[in-house]
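The block underneath contains the structure these notes are about, expressed in structure tokens.
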Amino acid sequence: MSSDKVGLQQEIDQRKKDGLFRQRQVMNSAQGPLIKIEHETFINFSSNDYLGFANNENLKACLIDAVSKYGIGAGSSQLLTGHLSPHKTLEGKLAQFLNRDAALVFPTGYQANLAIASALINSKTVVLQDKLNHASLIDAALLSRGRLVRYRHNDIEHLKTLMEKYKHQELIIMTDGVFSMGGDCARLIEMSHLCKTYNAILIVDDAHGIGVLGETGAGLLEELNLNQQQVPLLVGTFGKSFGAAGAFVSGSKLHVEMFIQKARTYIYTTALLPAIAATMIKAIDLIKEGNNLRKNIKNLIVQYRGLIKEYGLNSSESFSHIQPLIVGEPNKALALSKALYKKKILVMAIRPPTVPKDTSRLRISITATHTEEQIKTLVYEINKANSIV
Ligand SMILES: Cc1ncc(COP(=O)(O)O)c(C=O)c1O
1351 MSSDKVGLQQ EIDQRKKDGL FRQRQVMNSA QGPLIKIEHE TFINFSSNDY LGFANNENLK
1411 ACLIDAVSKY GIGAGSSQLL TGHLSPHKTL EGKLAQFLNR DAALVFPTGY QANLAIASAL
1471 INSKTVVLQD KLNHASLIDA ALLSRGRLVR YRHNDIEHLK TLMEKYKHQE LIIMTDGVFS
1531 MGGDCARLIE MSHLCKTYNA ILIVDDAHGI GVLGETGAGL LEELNLNQQQ VPLLVGTFGK
1591 SFGAAGAFVS GSKLHVEMFI QKARTYIYTT ALLPAIAATM IKAIDLIKEG NNLRKNIKNL
1651 IVQYRGLIKE YGLNSSESFS HIQPLIVGEP NKALALSKAL YKKKILVMAI RPPTVPKDTS
1711 RLRISITATH TEEQIKTLVY EINKANSIV
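Residues in the sequence shown are numbered consecutively from 1351, following the numbering used here.
This is the structure in structure tokens:
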């Protein structure tokens, strides 16, 4: 379609017809298990605030204190005057928490993934990626000088075939840890074995796993007992379990040095707000102490999956806090989401291109702050809505 006014309007109209039109809702309260839209309260199952930190009193106090010390902005890129003491302390603390040599913080996860690609990928690199990776990983490879090749979701045999095919080139594998829209986990142990065999670098973006998985909340790598040698680069974000916004990459000192030297989305951007950096130092402590929160999430997942099965609804492969209810057609996902909205339950419909064609879904996000009663209400109302849409 053309990009003149008529063409743009046609494209918008087509999107509406196909159930693919995206709309924003204005939230009128802080994130939490309950959220306000205008003056009405909804049970919120669409947030990535998995541990309830976005509105945590300790963290809010920490942020206010840090703003009074460091102001509201970093003033420039990290390479000019924007590298403040909270950034440095946070990097050290992240490295320690994740059992890695070093870490580097970014204003967003999207930039962190682009940074890795711009610094490490050259024209001889083949970047192998899971088909269901987050858009920021895919875009990182597409915007690089390397060649992007995608393997079928979690299909280790397919990955192996492709590694064999491209074994004479530099190989980089990039994957989500916990998949953002499916909630299932990458098969990292097998992938790390393959990477050893083929001398490839494994890069894991565990934005959704860190905070929730692992004994101390260090994520999927901790759960699977994988170290820095096996997974040289680990990405995480502050926008999910940490409750704020921002991100980090962690790995060897050499890798971090290379990103500081070369990564365009690190160099040519204003630094993460220093007050957020200061607050994230405290958030790491709260994550480590968060065993009860993680236990609560686990119990609610078991309850949710049990109820879904009891009602004979379509359960998924996911055993994590991200539970997709796949319905197929975008219009059906929208109708289901709207029916729940009428019952004051907020579950957004996720449609292509965020997920593949014919796999439109409700993405249910189970957090530590939900209650058993709320899960019961959710599944009861899904079941009712499902029979009428
Ligand atoms: C797996 C994954 N990586 C990266 C990002 C991007 O992070 P940010 O929101 O900090 O840009 C997201 C989602 O936001 C994500 O789900």
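Ideal Cβ placement from N, Cα and C applies to all residues, glycine included.
Quick one: what's got a C-beta closer than 8 Å to Ala1683's C-beta in the same chain, skipping five residues either side?
Residue mapping note: residue 1683 aligns to position 333 of the sequence shown, counting from 1. Gly1369, Val1677, Ala1699, Ile1700, Arg1701, Ser1710, Arg1711, Leu1712.
To test your reading of the DSSP string, which unbroken beta strand (DSSP E) runs of 3 or more residues are found completely within the region 1482-1532?
1497-1501, 1520-1526
Look at the Cβ atom of Ile1610, then the Cβ atom of Pro1436, and state whether they are nearer than 8 Å.
Taking the first residue of the sequence shown as position 1, residue 1610 is located at position 260. Taking the first residue of the sequence shown as position 1, residue 1436 is located at position 86. Cβ distance not < 8 Å, so Ile1610 and Pro1436 don't count as in contact.
Closer than 7 Å: Pro1715 CB and nearest ligand 1 heavy atom
Mapped onto the sequence shown, residue 1715 falls at position 365. Note that residue 1715 is Ser in the sequence shown, not Pro. Shortest gap from the CB of Ser1715 to any heavy atom of ligand 1: 7 Å or more.
May I ask you to report which of helix, strand or coil DSSP gives Gly1656?
Taking the first residue of the sequence shown as position 1, residue 1656 is located at position 306. Reduced to three states, the DSSP call for Gly1656 is helix.
For ligand 1, is there a heavy atom less than 7 Å away from the beta-carbon of Ser1591?
In the sequence shown, the residue the question calls residue 1591 occupies position 241. No; taking the cut-off as 7 Å, the Cβ of Ser1591 has no heavy atom of ligand 1 nearer than that.
Taking C-alpha atoms, which residue in Gly1421, Ile1732, Gln1359 lies nearest to Leu1623?
Here residue 1623 refers to the residue found at position 273 of the sequence shown. Nearest C-alpha to Leu1623: Gly1421.
Could you say if the region 1410-1419 and the region 1556-1575 meet the contact criterion of at least three C-beta pairs nearer than 8 Å?
no
Rounded to the nearest angstrom, what separates Leu1643 and Leu1401 at their Cα positions?
As a first step, residue 1643 must be located in the sequence shown, where it is residue number 293. As a first step, residue 1401 must be located in the sequence shown, where it is residue number 51. Near 6 Å, if we compare the C-alpha coordinates of Leu1401 and Leu1643.
Using a Cβ-Cβ cut-off of 8 Å (strictly less than) and excluding sequence neighbours within five positions of Pro1706, which residues of its own chain qualify?
Numbered from 1 along the sequence shown, position 356 holds the residue referred to as residue 1706. Lys1481, Leu1482.
Answer yes if the region 1574-1582 comes into contact with the region 1598-1613, meaning at least three C-beta pairs across the two stretches below 8 Å, and no otherwise.
yes
Tell me the residue span of the alpha helix (DSSP H) that contains Ala1735.
Here residue 1735 is taken as the residue at index 385 of the sequence shown, counted from 1. 1722-1738 is the extent of the alpha helix (DSSP H) around Ala1735.
Hey, out of Leu1512, Ala1462, Gly1532, whose CA is closest to Val1606's CA?
Along the sequence shown, one-based indexing puts residue 1606 at 256. The shortest C-alpha separation from Val1606 is found at Ala1462.
Cβ of Thr1587 versus every heavy atom of ligand 1: is any distance shorter than 7 Å?
Along the sequence shown, one-based indexing puts residue 1587 at 237. Checking the Cβ of Thr1587 against ligand 1 gives yes.
State buried or exposed for Glu1507, treating a residue as buried only when at least 16 other CB atoms are found within 10 Å of its CB.
What you label residue 1507 is simply residue 157 of the sequence shown in a count that begins at 1. With fewer than 16 Cβ atoms within 10 Å of its Cβ, Glu1507 is classed as exposed.
Among Glu1441, Asn1378, Ala1465, whose alpha-carbon lies nearest the alpha-carbon of Asn1394?
Locating residue 1394 in the sequence shown gives position 44, counting from the first residue. Among Glu1441, Asn1378, Ala1465, the Cα nearest to that of Asn1394 is on Asn1378.
Does DSSP put Thr1682 in a helix, in a strand, or in coil?
For this step, residue 1682 is matched to residue 332 along the sequence shown. According to the sequence displayed, residue 1682 carries Lys and not Thr. Lys1682: helix per DSSP, three-state reduction.
Provide the residue span of the alpha helix (DSSP H) that contains Arg1713, from first to last.
Residue 1713 sits at position 363 when you count from the first residue of the sequence shown. Element bounds for Arg1713: not the alpha helix (DSSP H) but the beta strand (DSSP E), 1710-1715.
In this structure, how does DSSP classify Glu1565 when only helix, strand and coil are distinguished?
Looking up residue 1565 in the sequence shown gives position 215. Here Glu1565 sits in coil by DSSP.
Do Ile1637 and Gly1561 have their CB atoms nearer than 8 Å?
Numbered from its first residue, the sequence shown carries residue 1637 at position 287. Numbered from its first residue, the sequence shown carries residue 1561 at position 211. A contact, by the Cβ cut-off of 8 Å.
With distance defined between alpha-carbon atoms, name the residue in Gly1564, Val1585, Ser1397 nearest to Thr1525.
As a working note, residue 1525 is residue 175 in the sequence shown. Closest option to Thr1525, Cα to Cα, is Val1585.
Looking at C-alpha atoms only, which residue of Ala1633, Asp1534, Asp1555 is the closest neighbour of Ile1714?
Within the sequence shown, the letter at position 364 stands for residue 1714. That would be Asp1534, whose Cα lies nearest to the Cα of Ile1714.
Residue range of the unbroken alpha helix (DSSP H) whose run includes Thr1391:
Residue numbering aside, residue 1391 sits at position 41 when the sequence shown is read from its first letter. Looking at the DSSP string, Thr1391 is not in any alpha helix (DSSP H); the run it does join, the beta strand (DSSP E), is 1390-1394.
Between His1433 and Ser1427, what straight-line distance do the alpha-carbon atoms span, to the nearest angstrom?
Numbered from its first residue, the sequence shown carries residue 1433 at position 83. Numbered from its first residue, the sequence shown carries residue 1427 at position 77. Spanning the two alpha carbons is a distance of roughly 7 Å.
Cβ distance (whole Å) where Lys1659 is taken to contact Ser1665 below 8 Å
Along the sequence shown, one-based indexing puts residue 1659 at 309. Along the sequence shown, one-based indexing puts residue 1665 at 315. That belief holds up - the Cβ atoms of Lys1659 and Ser1665 are roughly 6 Å apart, short of 8 Å.
Would you say the beta carbon of Gly1561 is closer than 7 Å to some non-hydrogen atom of ligand 1?
For the purposes of this step, residue 1561 is identified with residue 211 of the sequence shown, where counting begins at 1. Not so, every heavy atom of ligand 1 lies at least 7 Å from the Cβ.
Taking the alpha carbon of Asn1736 as the reference point, which residue from Glu1722, Tyr1661, Leu1563, Thr1704 has its own alpha carbon closest?
Position 386 of the sequence shown, counted from the first residue, corresponds to residue 1736. Comparing Cα positions, the closest option is Tyr1661.
Expected contact under 8 Å - CB spacing of Ile1716 and Leu1650 to nearest Å:
For the purposes of this step, residue 1716 is taken as the residue at position 366 of the sequence shown. For the purposes of this step, residue 1650 is taken as the residue at position 300 of the sequence shown. Yes, they are in contact, since the Cβ atoms of Ile1716 and Leu1650 sit about 5 Å apart, within 8 Å.
Here's a check: name, in chain order, each residue in its chain whose Cβ is nearer than 6 Å to the Cβ of Ala1594, leaving out the five neighbours to either side.
Here residue 1594 corresponds to residue number 244 of the sequence shown, with the count starting at 1. Counting only Cβ-Cβ distances below 6 Å, and skipping sequence neighbours, we find Phe1588, Ile1626.
Please determine, among His1671, Glu1572, Ala1424, Ala1452, the residue with the shortest C-alpha to C-alpha distance to Gln1653.
For the purposes of this step, residue 1653 is identified with residue 303 of the sequence shown, where counting begins at 1. Nearest of His1671, Glu1572, Ala1424, Ala1452 to Gln1653, Cα basis: His1671.
Any heavy atom of ligand 1 closer than 7 Å to the CB of Asp1489?
Working through the sequence shown from its first residue, we reach residue 1489 at position 139. No, the Cβ of Asp1489 stays beyond 7 Å of every heavy atom of ligand 1.
Neighbourhood of Tyr1548 by C-beta distance below 7 Å, restricted to the same chain and skipping five residues each side
Residue mapping note: residue 1548 aligns to position 198 of the sequence shown, counting from 1. Met1513, Lys1517, Leu1521, listed in sequence order.
8 Å Cβ cutoff met for Ile1523 and Met1541:
What you label residue 1523 is simply residue 173 of the sequence shown in a count that begins at 1. What you label residue 1541 is simply residue 191 of the sequence shown in a count that begins at 1. Yes, the pair counts as a contact, with Cβ atoms nearer than the cut-off.
Cα-Cα separation, Leu1563 to Gly1459:
Position 213 of the sequence shown, counting from 1, holds the residue named residue 1563. Position 109 of the sequence shown, counting from 1, holds the residue named residue 1459. Approximately 19 Å between the Cα atoms of the pair.
Alpha carbon to alpha carbon, what distance is there between His1720 and Gln1673?
Start at 1 with the first residue of the sequence shown, and residue 1673 comes out as number 323. Start at 1 with the first residue of the sequence shown, and residue 1720 comes out as number 370. Near 14 Å, if we compare the C-alpha coordinates of His1720 and Gln1673.
Should Asn1398 go down as buried or exposed, given a rule of 16 or more other Cβ atoms within 10 Å for buried?
By 1-based counting over the sequence shown, the position of residue 1398 is 48. Flag for Asn1398 reads buried.
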